[in-house]
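Student: Chains as they are written, first to last, in my numbering: chain A, 1 to 159; chain B, 1001 to 1159. Cβ coordinates follow ideal geometry from the N, Cα and C atoms, glycine included.
Protein chains: 2
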Amino acid sequence: MDDKLKNPRRNRVKKLSADDCWPVMIEFLLSQKSWWVAMCAEFDLTPMQGHAVRSIDPEKPVPMSALAEELACDASNITGIVDKLEARGLAARRADETDRRIKVLVLTDKGRHLREKLWARTMETPRAVTALPEETRRRLAEALSAVLEERLAEEAAKR
Amino acid sequence: MDDKLKNPRRNRVKKLSADDCWPVMIEFLLSQKSWWVAMCAEFDLTPMQGHAVRSIDPEKPVPMSALAEELACDASNITGIVDKLEARGLAARRADETDRRIKVLVLTDKGRHLREKLWARTMETPRAVTALPEETRRRLAEALSAVLEERLAEEAAKR
DNA sequence: GATAAAGATTGAAGTTGTCAATTATTAAGT
DNA sequence: ACTTAATAATTGACAACTTCAATCTTTATC
Chain A
1 MDDKLKNPRR NRVKKLSADD CWPVMIEFLL SQKSWWVAMC AEFDLTPMQG
51 HAVRSIDPEK PVPMSALAEE LACDASNITG IVDKLEARGL AARRADETDR
101 RIKVLVLTDK GRHLREKLWA RTMETPRAVT ALPEETRRRL AEALSAVLEE
151 RLAEEAAKR
Chain B
1001 MDDKLKNPRR NRVKKLSADD CWPVMIEFLL SQKSWWVAMC AEFDLTPMQG
1051 HAVRSIDPEK PVPMSALAEE LACDASNITG IVDKLEARGL AARRADETDR
1101 RIKVLVLTDK GRHLREKLWA RTMETPRAVT ALPEETRRRL AEALSAVLEE
1151 RLAEEAAKR
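1. Which of helix, strand or coil does DSSP assign to Lys-1103 of chain B?
2. Distance, Cα to Cα, Asp-1091 of chain B vs Pro-1061 of chain B?
3. If you measure between the beta carbons of Ala-141 of chain A and Ala-1018 of chain B, is that distance less than 8 Å?
4. Considering just the uninterrupted stretch of the beta strand (DSSP E) at Ala-1091 of chain B, what are its terminal residues?
5. Just the C-alpha distance for Trp-1022 of chain B and Ala-66 of chain A, rounded to the nearest angstrom, thanks.
6. Please determine, among A:Val-147, A:Ala-52, A:Ala-41 and A:Ala-157, the residue with the shortest C-alpha to C-alpha distance to Glu-1027 of chain B.
7. Counting only Cβ-Cβ distances shorter than 8 Å, please list the residues of the stretch 110-123 of chain A near chain B, keeping chain order.
8. Three-state secondary structure (DSSP) at Pro-1063 of chain B?
9. Is any beta-carbon of chain B found at less than 8 Å from that of Asp-20 of chain A?
10. Whole angstroms are fine: how far does the CA of Ile-56 of chain A sit from the CA of Ala-95 of chain A?
11. Which chain A residues are close to Ser-1031 of chain B, counting only those with a beta carbon under 9 Å from its beta carbon?
12. If we call anything under 8 Å between Cβ atoms a contact, is Glu-1154 of chain B one with Arg-127 of chain A?
13. Keeping to the same chain, check which residues put their C-beta closer than 6 Å to that of Leu-71 of chain A; ignore five residues upstream and five downstream.
14. Can you tell me whether Ser-1017 of chain B is helix, strand or coil according to DSSP?
15. Select from the stretch 1129-1142 of chain B all residues with a C-beta closer than 7 Å to any C-beta belonging to chain A, and list them in chain order.
16. Can you tell me which of the three DSSP states Lys-33 of chain A falls into?
17. Quick check on Met-123 of chain A: buried or exposed, where buried means 16 or more other Cβ atoms within 10 Å of its Cβ?
18. Would you say the beta carbon of Thr-1079 of chain B comes nearer than 7 Å to a heavy atom of the ligand GTP?
19. Going along chain A in order, which residues have a C-beta closer than 8 Å to the C-beta of Val-1024 of chain B?
20. Can you find the residues in the same chain that come closer than 7 Å, C-beta to C-beta, to Gly-1089 of chain B, ignoring five residues on each side of it along the sequence?
21. Buried or exposed: which applies to Arg-1054 of chain B, given that a residue is buried once 16 or more other Cβ atoms fall within 10 Å of its Cβ?
22. Use the C-beta contact count for Arg-1139 of chain B: other C-beta atoms within 10 angstroms, 16 or more gives buried, fewer gives exposed.
23. Kindly indicate which residue of B:Arg-1101, B:Glu-1149 and B:Pro-1133 has the alpha-carbon position closest to the one of Val-132 of chain A.
24. Compute the distance between the beta-carbons of Leu-105 of chain A and Val-129 of chain A, then report whether it is under 8 Å.
25. Note down, in chain order, each residue of its chain lying with its Cβ closer than 7 Å to the Cβ of Pro-1047 of chain B, except the 5 sequence neighbours on either side.
Written out as structure tokens, the structure is:
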């Protein structure tokens, strides 16, 4: 009776309507549970370490608190995550010049190198996407981008 | 220089091409990190408990091992997760009739009720999606669905 | 009937999450 | 200036999730 819960598209018809948009997005989100985990595991990074490496701008040191916000987690988590990056020689803490409470993070050469490899790997388009017609991919990019734009606009409006 | 890593769309132009498809999908995936967590939290469920509730078909008991596969985790995790669902009176273990090694899971009335509320909440389309033109939503549904279809076809081909 | 395999559980160790408390430093109020 | 806030980072306690190895029961296989 209610098998749509397990798989919203199980009984879908060929032609989809605008009402199918969110259900399909849900299925996509739920099915991609371990994608980033696997991506990071290839470089012996935990998911959060991967996010940290991704978020540390090689050009500009980032305060711990800024990283916590970027990773949407408590500041206390960042300490341990950065400890491990530092232990592996991927990142380093430095004192902020103007405010001594702040510790900023920088990537080491090793960290920068890993960051580039991680992102190159991440950006490898999966076959399930390249297999699609160019026009379909272009539309998907446009539509999904529109959702992200809209969400950004909403968040901006809250402030 | 390499700020695309942090946000692939930071410097994007208005017109997107097929090559932007995967980068945009990545951004969408990474930005939705805590969506399911928040969804489950509204019903005092942990993310995995939520997945379990979602995956237990009310019509058909599911073996622990099948749940482990569905949730893409080790069988040993399921024990603890189901323990808590059982403690809350949402699910129950039953012996399989044909194979006494197997324990199958069923939802209680309370569990079924919660499952319906959870899914109803999950299916509430966010404003960022409803705000889009109908044609955009329809195209997004079609394109994303095509990716999922393609991936299913790939997985099927592996066997 | 002995051995192997499968299903579920347990225990140990590591990662991630929240929360409260602590320390050091800066900002604000009077 | 001096006390009081507030901020940045850390620490410790505890729960959730993950993997892995080991165990136990039950079924399959030879």
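Tutor: Answer, in terms of the structure:
1. It is a strand residue.
2. Sequence inspection shows Ala at residue 1091 of chain B; the Asp mentioned does not correspond to that position. Their Cα atoms are separated by approximately 10 Å.
3. Going by C-beta atoms, Ala-141 of chain A is nearer than 8 Å to Ala-1018 of chain B.
4. Following the DSSP letters along the chain, one finds Ala-1091 of chain B inside the beta strand (DSSP E) bounded by residues 1091-1095.
5. Here the C-alpha atom of Trp-1022 of chain B lies approximately 27 Å from the C-alpha atom of Ala-66 of chain A.
6. When only C-alpha atoms are compared, the closest one is A:Val-147.
7. Correct list: Arg-115, Glu-116, Trp-119, Thr-122 and Met-123.
8. Residue state, collapsed to three classes: strand.
9. Using a CB distance cut-off of 8 Å, Asp-20 of chain A counts as an interface residue toward chain B.
10. When rounded, the distance between both Cα atoms is 16 Å.
11. By Cβ distance, chain A contributes Leu-148 and Arg-151.
12. Cβ atoms of Glu-1154 of chain B and Arg-127 of chain A: closer than 8 Å.
13. Closer than 6 Å at the Cβ level, and outside the excluded window around Leu-71 of chain A, lie His-51.
14. The DSSP-derived three-state label of Ser-1017 of chain B is coil.
15. Taking 7 Å as the cut-off between beta carbons, the residues of the stretch 1129-1142 of chain B near chain A are Val-1129, Ala-1131, Leu-1132, Glu-1134, Thr-1136, Arg-1137, Arg-1138, Arg-1139, Leu-1140, Ala-1141 and Glu-1142, in sequence order.
16. Looking at Lys-33 of chain A - three-state DSSP - the assignment turns out to be coil, as it is neither helix nor strand.
17. The residue is exposed, with fewer than 16 neighbouring Cβ atoms inside 10 Å.
18. Only the bare structure without any ligand can be found here, which leaves the ligand GTP out of the picture.
19. Per Cβ cutoff of 8 Å: Leu-140, Ala-141, Leu-144, Ser-145 and Leu-148.
20. These residues qualify, in order along the chain: Thr-1108 and Lys-1110.
21. Under this definition Arg-1054 of chain B is a buried residue.
22. Label assigned to Arg-1139 of chain B: buried.
23. It should be noted that the sequence gives Leu, not Val, for residue 132 of chain A. Comparing alpha carbon positions, the residue from B:Arg-1101, B:Glu-1149 and B:Pro-1133 closest to Leu-132 of chain A is B:Glu-1149.
24. Cβ distance not < 8 Å, so Leu-105 of chain A and Val-129 of chain A don't count as in contact.
25. Around Pro-1047 of chain B: Trp-1036, Val-1037 and Cys-1040.
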